[in-house]
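Beneath this line is the structure, given in structure tokens, with notes to follow.
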Amino acid sequence: MMKKTGAGIVKTEYFTFAEPPNEMKLSSGKRLGPVTLAYEKYGKLNKNKTNAILVLHALSGDAHAAGYYEEDKDPGWWDVMIGPGKALDTDKYFVLSSNVIGGCKGSTGPSSVDPKTGKPYALGFPIITIEDMVNAQTYLLDHLGIKKLLCVIGGSMGGMQALQWVASYPERIQCAIPVATAAKHSPQQIAFDEVGRQAVMADPAWNNGNYYDTKEKPEKGLAVARMVGHITYMSDKSMEEKFSRRMKEKDYSFSFTADFEVEGYLRYRGDNFVKRFDANSYLYLTKALDYFDLSGHRLIPKGKNIGVRFLVIAFKSDWLYPSYQSQDIVRQLKASGVDATYCEINSTYGHDAFLLEAEEETRLIKHFLSKTFHGYDVARAYEI
Amino acid sequence: MNGLRIDNKVIFDIIERGSRVLDLGCGDGELIYVLAKEKGAKVQGIEIDDNEIYKCVEKGLSVFHGDIDSGLAEYPDRSFDYVILNQSMQQVKKADFVIQEALRVGQKAIIGFPNFAYLRARFRLFFKGRVPITSSLPYYWYNTPNLHFLTISDFKDYCAQKTIKVVSSYCLNEKRQVRFYPNLFALNAVFLVTK
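Just so you know, the sequences run in chain order P and E.
Under our numbering, the residue at position 176 of the first sequence is numbered 176, and the numbers go up by one with no gaps.
Under our numbering, the residue at position 140 of the second sequence is numbered 140, and the numbers go up by one with no gaps.
Spelled out as structure tokens, the structure:
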């Protein structure tokens, strides 16, 4: 058996709350309960509970951010960043990774059983927003007795949750690190999501969301959605480097089989995804992304002084969440008198870079966190 | 002392304790770091170079990775006591715009630049017919990052023309201030200006 280093062997835990009649209120005005959140913990919470970092995942992520499951050979999705001596150093910090509601990775979502009907919610599940995801996470924090987080950090949809945390609960956060994200979804981003949703809904097996007890699942549709997604996560350059025009066989097949490696890769990614992801969750989560808009004074209300410090990170080749969107976040923060550092990492990996550029991210995040945790020896521009 | 280069030392001395400072083209953040540490200044920097940004973050400085040509629109008027443009003004595309922006967001601006009319520069151009290369202009024509070449007198003219008030000016050679014919004997100049 291989040695499982880093965060070591981990397990996902579950917390259930908002039992009726105390259901959680959602942005839509609807109520949801009971709600379960899947989460993982790495490192130790210190006595004063001042070393907690909340890690928030992207669209297809889950609570399993670091370490290994007993039976698995691959670690969690951000294992390069979380563990002893890593950017989120579990020797120093208590790292909490929370799943989102609406997903299909152990938290309440459309595939969960609706206690009222005894059947999966399917489209009976209420539309949720990033704000609802964050509100659900506050129950988890309260349950763990964490009043204030040292840091909220996440990439892509995780970055949006981090921003939402600041917008909703600035007093509970010392610093925020939104990575490869935006303060609002642009029409281009909404458009890509809509293509994905239409692909799912065009699959006859989707059956208006009712496929949980049928033999056929909307796998084709979801796979196409994921293929489109994957294209947007890479860059022209990273695709050239990874695939170029390399062929699977020696010559053209003169048929519609996957001649090129890139086609094979996308098909493989698509087929793999449907095994681990629920099509309805894909609809709900992309909708939550599209509704996200913390532009203008929604992030920091006008005239409000908040003590949260920001490290905003973007990637040069990311065209799904282009760096101008991160710069807009920083401009918004500066205009509100909030301390923010911005860095654009020179990477060719496209949006995927936030999962891959560990060395550069570590260099920034490790120092930023440690200064936030141990205190700065220099005054900041907007000291409150 | 704090080991600062002479021009940075001059700037350090200008800035009062506790001031709010924005350094445009802050490099590795050495000056603002010392200002923050020793004078309790509240500092921020903007820098375009990747590596320098990492060094700034390591120092715990608050910095923005980008170019100053794209402006300071997000900063409200007068949000800083001092805006520093030292050895970076001659490298931006729109020098006039950047100076005006610096004077909008800052009460005062500190502008430092190499003096093109330095004696050795004149000598090289006049007698050798070569583009000046001096310790403050150490580049060849083909690899210089400088886009604008100016002299101390040029800058004074500019300020007069744009009704920018020169509060004080410091003309420097490698080690100290130059008071005698500075436009001829100074390598660098640092101007403290205000609108």
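Just so it is clear, CB atoms sit at the ideal spot from N, CA and C, and this is done for glycine as well.
These figures come from a predicted structure and were not determined experimentally.
**OP:** Can you tell me which of T5/P, K371/P and G124/P puts its alpha carbon nearest to the alpha carbon of E70/P?
**Re:** Here residue 70/P corresponds to residue number 70 of the first sequence, with the count starting at 1. Nearest of T5/P, K371/P and G124/P to E70/P, Cα basis: T5/P.
Subject >> Alpha-carbon to alpha-carbon, R269/P and V166/P >> reply: Counting from 1 along the first sequence, the entry for residue 166/P is found at position 166. Counting from 1 along the first sequence, the entry for residue 269/P is found at position 269. V166/P and R269/P: Cα-Cα distance of roughly 34 angstroms.
Subject >> Cα-Cα separation between S19/E and D339/P, rounded to whole angstroms >> reply: Position 19 of the second sequence, counted from the start, is the residue given in the question as residue 19/E. Position 339 of the first sequence, counted from the start, is the residue given in the question as residue 339/P. Cα to Cα, the separation comes out at about 16 angstroms.
**OP:** May I ask you to verify whether the stretch 357-366 of chain P touches the stretch 79-87 of chain P, counting CB pairs closer than 8 angstroms and requiring at least 3?
**Re:** They touch, by the three-pair rule.
Original post:
Assuming F94/P contacts A52/P under a Cβ cut-off of 8 angstroms, what Cβ separation, rounded to an integer in Å, is found between them?
Top reply: Walking along the first sequence from the start, residue 94/P turns up at place 94. Walking along the first sequence from the start, residue 52/P turns up at place 52. About 5 angstroms separates the two Cβ atoms, so the contact holds.
Original post:
Taking 7 angstroms as the CB-CB limit, is E52/E close to chain P?
Top reply: Working through the second sequence from its first residue, we reach residue 52/E at position 52. Chain P, which has no Cβ nearer than 7 angstroms to the Cβ of E52/E, makes this no.
Original post:
How many whole angstroms separate the CB atoms of M234/P and G350/P, which I take to be in contact at a CB cut-off of 8 angstroms?
Top reply: The residue you call residue 234/P lines up with position 234 of the first sequence. The residue you call residue 350/P lines up with position 350 of the first sequence. Right, their Cβ atoms sit about 5 angstroms apart.
Original post:
What are the complete beta strand (DSSP E) segments, minimum 3 residues, inside the stretch 117-202 of chain P?
Top reply: 149-155 and 173-179
Original post:
Looking only at C-alpha atoms, which of G61/P, D251/P, A66/P and V195/P sits nearest to E40/P?
Top reply: Within the first sequence, numbered from 1, the residue matching residue 40/P stands at position 40. Closest option to E40/P, judged by alpha-carbon separation, among G61/P, D251/P, A66/P and V195/P: A66/P.
**OP:** Along the beta strand (DSSP E) that carries T362/P, what are the first and last residues, could you check?
**Re:** On the first sequence, residue 362/P is found 362 positions in, with the first residue counted as 1. From DSSP, T362/P is part of no beta strand (DSSP E) but of the alpha helix (DSSP H) over A358 to H374.
Subject >> For A389/P, the nearest candidate out of G29/P, L294/P and E357/P (CA to CA) >> reply: As displayed, chain P neither begins before 1 nor continues past 384, which places residue 389/P out of reach and without an answer.
**OP:** Tell me, please, whether the CB atom of K371/P is closer than 7 angstroms to any CB atom in chain E?
**Re:** On the first sequence, position 371 is the one that residue 371/P refers to. Answer yes: the Cβ-Cβ gap between K371/P and chain E drops below 7 angstroms somewhere.
Original post:
List, in order along the chain, the chain E residues whose C-beta lies closer than 8 angstroms to that of R363/P?
Top reply: For the purposes of this step, residue 363/P is identified with residue 363 of the first sequence, where counting begins at 1. By Cβ distance, chain E contributes Y54, V57 and E58.
Subject >> Residues, ordered as in the chain, of the stretch 119-144 of chain E that lie near chain P by beta-carbon distance below 7 angstroms >> reply: none
Original post:
Listing by chain order, which chain P residues have their CB less than 7 angstroms from the CB of Y75/E?
Top reply: Here residue 75/E refers to the residue found at position 75 of the second sequence. Within chain P, the residues near Y75/E are K334.
Original post:
Just reading off the beta strand (DSSP E) that A52/P is part of, what are its end residues?
Top reply: Residue numbering aside, residue 52/P sits at position 52 when the first sequence is read from its first letter. Note, A52/P: beta strand (DSSP E), A52 to L56.
Subject >> C-beta contact flag for R78/E and Q107/E at 7 angstroms >> reply: Taking the second sequence and counting its residues from 1, one reaches residue 78/E at position 78. Taking the second sequence and counting its residues from 1, one reaches residue 107/E at position 107. Yes. Within cutoff.
**OP:** Thinking M157/P and L26/P are a contact (beta carbons under 8 angstroms), I'd like their distance in whole angstroms, please.
**Re:** For the purposes of this step, residue 157/P is identified with residue 157 of the first sequence, where counting begins at 1. For the purposes of this step, residue 26/P is identified with residue 26 of the first sequence, where counting begins at 1. Between M157/P and L26/P a beta carbon distance of about 17 angstroms is seen, past the 8 angstroms cut, so the two are scored as non-contacting.
Subject >> Residue-level contact to chain P via CB, V63/E, 7 angstroms cutoff >> reply: Taking the first residue of the second sequence as 1, we reach residue 63/E at position 63. At least one chain P Cβ lies under 7 angstroms of V63/E.
Original post:
Hey, does Y342/P have any beta-carbon neighbour from chain E nearer than 7 angstroms?
Top reply: Translated into the one-based positions of the first sequence, residue 342/P becomes position 342. So, interface residue.
**OP:** Using alpha carbons as the reference points, say which of T138/P, E263/P, V224/P and G29/P lies closest to R245/P.
**Re:** Looking up residue 245/P in the first sequence gives position 245. Of the listed residues, the one whose Cα sits closest to R245/P is E263/P.
**OP:** From the DSSP output, in three-state form, read off G8/P for me.
**Re:** Walking along the first sequence from the start, residue 8/P turns up at place 8. Residue state, collapsed to three classes: coil.
Original post:
Going by other Cβ atoms of all chains shown within 10 Å of its Cβ, with 16 needed for buried, is P218/P buried or exposed?
Top reply: By one-based count along the first sequence, residue 218/P stands at place 218. By the 10 Å Cβ count, P218/P comes out buried.
Original post:
Would you call the stretch 112-123 of chain P and the stretch 285-305 of chain P in contact, with 3 or more CB pairs under 8 angstroms?
Top reply: The stretch 112-123 of chain P, when compared against the stretch 285-305 of chain P, does not touch it at the 8 angstroms Cβ threshold.
Original post:
Exposed or buried, which one is E361/P when buried takes at least 16 other CB atoms within 10 Å?
Top reply: Locating residue 361/P in the first sequence gives position 361, where the first residue counts as 1. Classification for E361/P: buried.
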